[in-house]
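Notes for the one structure printed next.
In my numbering, the protein residues as written are 9 to 165.
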């Protein structure tokens, strides 16, 4: 099982660096690659990606100049090599076992797994966890994994 972590970004190089740093610290993770889709940045996003491309985890940079998150994520999937996709936003700090947790949840090849999303200003604010079933119309794309084939079969974003 190879996971492709797809991150769409635009003019948030500092936040992207934090997200990439947290991906470099993943523990217990299966093999994974990172695909960063630059959605028309005018800042130093490409330089940030170049810096992290020298690390042990394979990382690729894709340019999609027409600003549109759905289009950017679809471009990332188009070049992804993984059997499974993981989507996260460019402004996240991921837990050290984020990839491993999604991999464990992906035993059923038809699973779509949404993880928790904490919108907090500091690490001192931690809401209590909840479990919910969402309708098929709801997909939060900032912490989700699914088989690549299922994503393509559904027609992408």
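For every residue, glycine included, the Cβ atom is placed at its ideal position computed from N, Cα and C.
Look at the region 39-75 and you find these whole runs of alpha helix (DSSP H), each 4 residues long or longer: 53-61. Between the region 10-27 and the region 82-96, the count of C-beta pairs closer than 8 Å reaches three or more; the two stretches touch. Residue range 11-17 is occupied by the beta strand (DSSP E) that includes residue 16.
With distances taken between CA atoms, residue 55 lies nearest to 25 out of 38, 121, 35, 25. Judged by DSSP in its simplified three-state form, residue 95 adopts strand.
Residue 151 sits in a strand when the DSSP states are folded into three classes.
Apart from sequence neighbours up to five positions away, the residues of its chain that approach residue 58 with a beta-carbon distance below 8 Å are 69, ordered along the chain.
Pairing residue 90 with residue 112, the inter-Cα distance amounts to about 16 Å. In this structure, residue 102 sits near residue 31, with a CB-CB distance shorter than 8 Å. Boundaries for residue 165: no alpha helix (DSSP H) harbours it, and the DSSP string shows neither H nor E there.
Beta bridge pairing from DSSP links residue 121 with 153.
Counting along the chain, residue 29 sits inside the alpha helix (DSSP H) bounded by residues 21-32.
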